[in-house]
Amino acid sequence: METSEKIRLSPVEVTAYWWTNSIKEKVREIVTKNSWDDSENKFASIFYGYTELDWRNMYLALAKDIAHDVECFDTTQGSCFSQDTCIGGHDRLNEELSQIIHQPIPDIRLAANCVKDFVIYTTSSSASVWYKSCGERKLPAMYEESYILTGNQKKLDFYNTLISTIAIIEQKDKYFNSVPTLREKFCKEYIKLSDEEEKQEEITQWFNTCFDKASDKGIILGRHFDKKYFPSFRNIDFVGLNPYLPLANHYADVILEHVKNNNESKTCKILKKHDKKY
């Protein structure tokens, strides 16, 4: 199994990926902070049930539409295509989203509540962002691989199974929080159940990458190099996980059974030492 590699995107793909992630993050912000804005709530309700497959399809469709927009601006207007996160500043994006999902899109502010608005400028040769609070910078062309970019089902399955396992463990044993034990037993069981001959080192690296990705999303408090972690699931984090729950339940049982046996072994050793004293 290969380790995570960065993927080079064209300026159009960078812009499509930026907007796709901005919409995902805005939906999460709205539903987790209980917005009182009717337009925001309607916007969030449209995308709330989106799985990674849905987000990937949106990204691919947006990339095609934005490519057309950029071509039109490059050839007829002599300027770059741009969209703003403020209300009224991304009418073209809303129009394209409406065509993609076949329903009207409420016009809302797409920047996070804690930051000022920004503008994405795109040409056939570059993509840049103007942060209204601190100037303009060119957007990077290299990105960590994700299902939205690659469509790699195997890696998505691994990530979703891991997240589902963590969620089930939290339900079964709220005191379990060992990162090393979770990593060791999850990876060992994955290798055992896999049809392919996998290398422990590569599987461990994959675990670390997925664990930190969940941390970046706020699902987990902690990093792969920590001794302990703390789950921080919101309802939206369970979207798309139902197919993974049966297998995740198996992983959780294997991990917790190991912990139970290990604790019982330690108790026996303590009792034996205690008996020898008498």
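Be aware that the sequence shown starts at -19, since it is given in my numbering, and climbs by one per residue.
Here a beta-carbon is modelled for each residue, glycine too, at the ideal position from N, C-alpha and C.
Quiz item: Which value, in whole angstroms, describes the spacing of the CA atoms of Asp45 and Phe23?
Solution: 21 Å
Exercise. Using the Cα positions of Tyr170 and Tyr224, report the straight-line distance between them to the nearest angstrom.
Key: In a straight line, the C-alpha of Tyr170 is about 14 Å away from that of Tyr224.
Quiz item: With 16 other CB atoms within 10 Å as the buried threshold, where does Arg(-12) fall?
Solution: exposed
Quiz item: How many angstroms separate the CA atom of Val219 from the CA atom of Tyr30?
Solution: 7 Å
Self-check item: Helix, strand or coil at Ala43 [DSSP, three-state]
Solution: helix
Quiz item: Since Thr65 and Leu42 are thought to touch, with beta carbons under 8 Å apart, how far apart are those beta carbons, to the nearest angstrom?
Solution: Incorrect: roughly 15 Å between the Cβ atoms, too far for contact.
Self-check item: Neighbour-count burial assignment, Thr0, 16 or more Cβ in a 10 Å radius
Solution: Thr0 comes out buried.
Quiz item: Which parts of the stretch -11 to 17 are runs of the alpha helix (DSSP H), unbroken and 4 residues or longer, counting only runs that do not cross its ends?
Solution: -9 to 12
Quiz item: How many angstroms separate the CA atom of Glu164 from the CA atom of Lys179?
Solution: Within the model, the alpha-carbon separation for Glu164 versus Lys179 is close to 13 Å.
Quiz prompt | Per-residue DSSP class, three states only, for Ser62 | solution = strand
Quiz item: Is the stretch 131 to 144 touching the stretch 188 to 207 in the sense that three or more CB pairs, one from each, lie closer than 8 Å?
Solution: yes
Quiz item: Are there 16 or more other CB atoms within 10 angstroms of the CB of Tyr209, so buried, or fewer, so exposed?
Solution: buried
Quiz item: Which class does Leu251 belong to by DSSP, given the choice of helix, strand or coil?
Solution: Below a pLDDT of 50, predicted positions are generally treated as unreliable, and Leu251, at 45, falls in that range; no measurement from the model is reported.
Quiz item: How would you write the range of the beta strand (DSSP E) that Ile100 sits in, first residue to last?
Solution: Phe98 to Thr102
Quiz item: What distance in whole Å lies between the Cβ atoms of Val159 and His230, which are believed to be in contact at a cut-off of 8 Å?
Solution: Contact doesn't hold; Cβ gap of about 20 Å is too wide.
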